[in-house]
Amino acid sequence: MLLFRGEEHIETWRTQWNQPRGAALTIDQAWRLADAWYGDKMDPGWRRATVDETEALLTKLGLTGPFWSLRA
Amino acid sequence: MPAEFDTTVRLALYREFVRTASPPTAETLAKCTQASIAEVRAALERLAAGKAIVLQPESREVLMANPLCAVPTPFQVRTQGRSYFGSCVWDGLGIMAMLGGDSLLDTSCACCGEAMTIGAREGHLVPASGVIHFAVPAKRWWKNIVFS
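Those sequence lines, one after another, are chains A and B.
Residue numbers for the first sequence, in my numbering: 398 to 469.
Residue numbers for the second sequence, in my numbering: 15 to 162.
As structure tokens, then:
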């Protein structure tokens with residue numbers, strides 16, 4: 398996951414390195430995802446989220462579609 | 015018993031990593047948990063198998079206690095007088111979220127190299143411009159977590 402100044406920088410980088418287009422998030426979206434994903438990582442009761450729980454989180458953050466699917 | 019001990023090792027790992035801003039070795043964790051190095055190494059392997067952490071391929075010391083990374087990267091977080099590295103920008107944000115308080119993520123545009131800084135104040139993101147690109151679909155992140 399890399400940070401870019403804007404969409405045009407993603408396209409330049411992608412073309413230069415022959416990389417497929419993935420998903421672009423605003424910093425605010427990524428922050429909310431990081432907070433939900435890692436915010437409790439130091440808690441004694443932390444456990445790895447199940448696929449269902451992770452999908453529910455992604456959906457809650459508006460991250461849906463094939464790119465965000467966790468199913469094979 | 016292993017699950018309880020694994021939690022003890024995991025918590026000691028994160029506590030020491032955050033306290034010292036450096037990844038503790040298996041030997042250090044053995045001292046922290048009053049266990050043998052072999053017991054700690056076995057716990058680290060179980061935690062890695064459960065995708066709670068990532069170990070280095072040869073030394074089997076900690077590479078990632080996500081979101082913390084044991085080796086320098088272009089994603090450096092400064093907070094509470096210490097600095098930490100994330101494996102990617104998302105993990106950099108994760109460090110800021112996990113530790114709370116005031117923090118700064120120093121990085122740069124992956125395309126042109128322009129310096130970029132993202133800040134948080136009292137555990138809340140300070141609005142910043144920029145876009146984060148996820149190149150690998152979610153279901154493939156753990157197929158090669160170092161690349162992802």
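All C-beta atoms in this analysis are idealised placements derived from N, C-alpha and C, irrespective of residue type, glycine included.
query                                                                                                               : result
C-beta atoms of Val-91(B) and Pro-37(B) nearer than 7 Å                                                             : no
For Leu-422(A), the nearest candidate out of Trp-104(B), Trp-155(B) and Ala-134(B) (CA to CA)                       : Trp-104(B)
Touch test, the region 63-71 of chain B against the region 108-118 of chain B, Cβ-Cβ under 8 Å, three pairs minimum : no
Interface residues of the region 89-123 of chain B facing chain A [CB-CB below 7 Å]                                 : Cys-102, Val-103, Trp-104, Leu-107, Gly-108, Ala-111, Met-112, Thr-121 and Cys-123
Buried or exposed (CB count within 10 angstroms, at least 16 for buried), Val-448(A)                                : exposed
Buried or exposed (CB count within 10 angstroms, at least 16 for buried), Val-85(B)                                 : exposed
Phe-19(B) - containing beta strand (DSSP E), residue span                                                           : Counting along the chain, Phe-19(B) falls outside any beta strand (DSSP E), though it belongs to the alpha helix (DSSP H) covering 16-34.
Neighbourhood of Leu-467(A) by C-beta, 7 Å cutoff - its chain only, sequence neighbours within 5 removed            : Val-448, Thr-451 and Glu-452
Where the region 409-422 of chain A meets chain B: residues whose CB sits under 9 Å from a CB there                 : Thr-409, Trp-410, Arg-411, Gln-413, Gln-416, Pro-417, Arg-418, Gly-419, Ala-420, Ala-421 and Leu-422
Distance between Lys-45(B) and Thr-461(A) (C-alpha atoms, nearest Å)                                                : 45 Å
Thr-93(B) beta carbon less than 7 Å from that of Ser-117(B)                                                         : yes
Cβ-based burial, Pro-71(B) [other Cβ within 10 Å; buried from 16]                                                   : exposed
Beta bridge counterpart(s) of Asp-120(B) as assigned by DSSP                                                        : Gln-90(B) and Thr-131(B)
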